[in-house]
Structures are given as structure tokens and as C-alpha cells.
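Working notes, structure below.
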Amino acid sequence: MIIRRIASALKRQDLSQVIIEIMIVVVGIFIGLQVDDWNNDREERVTERAYLSRLHSEVMQNLSFNADNFEEFLLLENFKATAKYIDEVLDVFEGIDTETVLNDRHCMAIFASDIYNHQQSYLPTLTELIASGQLSIIENEDIKIALSEYTLSFNGLELQVTSLGNVRLELHAKYPLMFKFDRRMRNLVDTDQYSNHCDFDAMKENQSFNNDLIVNRAKQFYFILVLSKQQQALQNVHAVLDEELGISHGGASQ
Ligand SMILES: [Zn+2]
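Per my numbering, the sequence shown starts with residue 536, numbered consecutively.
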């Protein structure tokens, strides 16, 4: 129809009519493309929102797993506490600390000095976004940066756990006579509720044991460093998701 009108205007050599008709075609195409873009964009925003909500649930699960199973911030706090007790043991052994009386909690820390775990899985929705090439659907730069830092720190932690796990030095296996474990240990998470006994005098006098404990403490130092980074990255992801989704947790950061 419009082509016929343009042809007829051309025949009449009516240039202004030709221009108007062409303009109508161009504007029509432009509006059509804009509506199409707008529809695509709206669909993408709906999909993006669904992905972000799922990511938020998974982050919450990862964060609350610790709290539900081992009290608040299990992992990091527990590892830090273990490290503190081992430092006290070493201080006592080296004569730097003459006040502290070593007890069952110190014994538990020595036993746990070779345990490295993070008890988390990589966010499944993030795996899905990456695998399907849809990561670019997320518009918010802060979320993208937080997710990328989370990925880096999670991979770093995985590597650390694997490499440390490969060279674990189990002190109770190497020095069995220096430990006497409480059988309730298998049922209780709270380390204060059961008593593992250590022969601290024998430990102190044994140079090999001292060396091994120092090595375990050094490995633990790097593990705690990497775990701290990963936990911080997960919390950052949570913070940016909360902001984007307008979620508030009533003052609690998790
Ligand atoms: Zn939240």
C-alpha cells in the first residue's frame, strides 16, 4: 500500500510526498523495534528478578547452615577459637605463658588442629547462570562484582581445603598414647560438654610433637585466612542482593 503511494508520488514527481511516506515507514519500523526491545527488556527483568531471588535464598541457606548446625558463624568462629587455644598451648610449652592451666578444651583444639572444611556448596543458581551464558542478564554492577569475588574466594577455599586435606597431620594417630577421648564426642557438637584428655607433659617434652603442632597451626593460619575471605564474600553477595531486592532482615546482617 505504502509502496504504491510512494511509486505514485514518484510518478507525480512529488518529492515532499515521497519523503513523508518514507518517514512514515522509517518511524513505523523504529517504533516496532522499540516495542520489541521494551518487551524483551521487560521479560529479562522478570527473569533477572527470579534469579536474584533464588540466589538470595541460597545465600541465606549457606549462611544459616552454620548457625543452625553449629551456632552462629560456626565455621570461622570455631576455627578461630581452636587457633586461639593452640596458641595458648604453644605459649605454655615454650614457657612464654606461665599462667594458663591447660585443660580439656586445649586438648580438643590440638585434636582439631588438622581439620579443614567449609561445609558449603557453590551457589547452584550461579552455576546455572554461568553454564547457560545468562550471567549478563544481571544489570547491577555491584552484584556482578560481588558474585565474581564470591566465585574467586570459593574456588580459592576449595583449593585450600583439598591441598591441606592431602597433607593432613593427625596428631592423635601419630601420637596415640598422648590422647584419651571421651566417647560422648560423637554425639555432641558443643565441645564444652565432653572431656578429651591430653597428656600435656608428654606433649611438651616431645620435640617432634611440638614441631607437628606448629606445622598444623601454620596450615590453620592460612586456612582461616582463606575461609574469612570466602565468608566475607558470601556476606557481600547477601548485602547487595538485599539492597537490589529491597529485603530487610530486621537489623540482623544475616
Ligand atoms: Zn537477605
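Here a beta-carbon is modelled for each residue, glycine too, at the ideal position from N, C-alpha and C.
Which same chain residues, not among the five before or five after residue i, have their C-beta less than 6 Å away from its C-beta?
i	result
alanine 644	Thr617, Tyr620, Ile621
aspartate 717	Tyr729, Ser730, Asn731
Straight-line CA distance for residue i to residue j?
i	j	result
leucine 598	glutamate 779	19 Å
glycine 567	aspartate 576	14 Å
valine 624	histidine 641	7 Å
serine 783	valine 696	33 Å
glutamate 607	histidine 773	A caution first: glutamate 607 carries a pLDDT of 45, below 50, which makes its placement in the model unreliable, though a value can still be read off. Between glutamate 607 and histidine 773, the C-alpha separation is close to 16 Å.
phenylalanine 614	arginine 589	29 Å
glutamate 705	serine 648	8 Å
methionine 558	aspartate 571	20 Å
Can you tell which of the options has its C-alpha closest to the C-alpha of residue i?
i	options	result
valine 702	Val750, Ala542, Glu663	Val750
glutamate 578	Phe565, Ile673, Glu663	Ile673
lysine 679	Ile564, Phe565, Glu612, Leu769	Leu769
lysine 709	Phe758, Asn690, Asn745	Asn745
leucine 587	Ile665, Thr660, His707, Trp573	Thr660
asparagine 675	Arg539, Glu593, Leu694, Asp777	Asp777
leucine 658	Thr635, Val636, Leu682	Leu682
valine 627	Val775, Asp736, Asn574, Pro711	Asp736
May I ask you to check if the CB of residue i is nearer than 7 Å to at least one heavy atom of ligand 1?
i	result
isoleucine 782	yes
aspartate 777	yes
histidine 641	no
histidine 591	yes
methionine 713	no
histidine 773	yes
methionine 595	yes
In chain order, what residues of the same chain lie with their CB nearer than 8 Å to the CB of residue i, ignoring the 5 residues before and after it?
i	result
leucine 545	Val553
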